[in-house]
Amino acid sequence: MKPTDYAILSKRQLSENVYMMRIHAPYIAAERKPGQFILLSVDESYGERIPLTIADADVAEGSITIIFQKVGFTTTQLAAMEVGDHLAAVLGPLGQPTHVSKVGTVVCVGGGIGVAPMHPIAKAFKAAGNRLICILGARNKDLVILEDEIRAFADEVIVCTDDGSAGRKALVTAPLKEFCEQAPRPDLSIAIGPPIMMKFCAETVRPYGVPLIVSLNTIMVDGTGMCGGCRVTVGGETKFVCVDGPEFDGLKVDFDGMMKRLQAYRPQEQRMAAGGGDHQCRMMAQAEKLEKK
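If you use our numbering, the sequence shown corresponds to residues 492 to 784, in order.
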């Protein structure tokens, strides 16, 4: 391993608790495609790995860009790191890349931190010659991310906030429904964000026959499909997000089952957060996760 591998090259805070980092990972940068992700470890002494979408890549520099929200123990550790620090490990690119083609009009919906994985996918569909509409949702104006970057290539951008402090005071499903009611209807829709948002996007487009792709972010451990932690039900069949996904037909995903599984390890996560730097506490929580699977 070269001494610069997995070094943090830049760090930028995008909004409250949301950070962007460029990481030196030349082999991943060279192979990465839109829609793929990495598994990242911060601490060599504690092996928790978290999945993060590759938001961008610079092959010449040998870097990948990640965007993450500080919500748990590991992301809090990651947010505390600075330029020049090194990550313990970065595994990727993982998952199936987005199938990008020229289909006509594509509507991309990003909710909160979901705008980050949406960005490279939307950019790829625009580069393929599609008319691109992007809907960005957040609780308030301070939490809207990547708006300028997306406006640079999208044909139309609509911002929705819960409190109306930026753009429209509306849920992202409101403009999505309006586009579905127009003639001609969108040829494809893509939704990435909280599971409940993606579920309601699916119910919004379903009556109009507009296809929907969703990118799922589930519990993951090994990233190879062996542990089964990331399993979801799609069209009545069991799929593994890390190898079969992360993208699926949003009209076939069992979102209720997925959301129930995401809550399965909440007690352990709370214990990890309360334990802080207590390595034994964190290892116990990780062991309990694996035992339940």
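C-beta atoms are modelled at their ideal positions from N, C-alpha and C, and glycine is treated no differently.
All figures in this text were calculated on a predicted structure; none of them were measured in a lab.
- Across the set LYS502, ILE557, GLU738, the C-alpha of GLU738 shows the shortest separation from the C-alpha of THR709.
- The C-beta distance from LEU578 to VAL533 rounds to 6 Å, short enough to meet the 8 Å contact threshold.
- By the beta-carbon neighbour count (other beta carbons within 10 angstroms, threshold 16), GLN527 is buried.
- Counting every other CB atom within 10 Å of its CB across the protein chains shown gives VAL574 a total below 16, marking it as exposed.
- Counting along the chain, GLN560 sits inside no alpha helix (DSSP H); it lies in the beta strand (DSSP E) bounded by residues 554 to 560.
- Here ARG722 is buried, its C-beta having at least 16 other C-beta atoms within 10 Å.
- LEU530 has its alpha-carbon roughly 5 Å from the corresponding atom of ILE541.
- In this chain, the alpha helix (DSSP H) harbouring VAL734 covers 732 to 735.
- For ARG697, there is no enclosing alpha helix (DSSP H), as DSSP gives it neither H nor E.
- Buried is the label assigned to ARG513, since at least 16 other Cβ atoms lie within 10 Å of its Cβ.
- Contact check for CYS733 against LEU585 passes: the beta carbons are separated by less than 8 Å.
- If the five residues before and after ALA645 are omitted, its C-beta is found closer than 6 Å to the C-beta atoms of LEU623, CYS625, all from its own chain and listed in chain order.
- In this structure ARG523 is buried. Its beta-carbon is surrounded by 16 or more other beta-carbon atoms within 10 angstroms.
- Sorting THR589, THR652, LEU634 by C-alpha distance to the C-alpha of ILE545 places THR589 at the top.
- Shown here, LYS660 sits in a strand according to DSSP, grouped into three states.
- In this structure, ILE555 and ALA520 form a Cβ contact; the two beta carbons are roughly 5 Å apart against a cut-off of 8 Å.
- With respect to VAL594, LEU667 sits apart: the two C-beta atoms are not nearer than 8 Å.
- In the displayed model, PHE746 falls within a helix according to three-state DSSP.
- In the three-state reduction of the DSSP assignment, THR715 falls in the coil class, being assigned neither a helical nor a strand state.
- Taking 3 residues as the minimum length, the beta strand (DSSP E) runs contained wholly in the stretch 662 to 695 are 679 to 683, in order along the chain.
- For LEU530, the enclosing beta strand (DSSP E) starts and ends at 528 to 532.
- Counting of Cβ neighbours within 10 angstroms places GLY700 among the exposed residues, the total staying below 16.
- Counting along the chain, ILE545 sits inside the beta strand (DSSP E) bounded by residues 541 to 549.
- Under the DSSP assignment, TYR518 falls in the alpha helix (DSSP H) whose first and last residues are 517 to 522.
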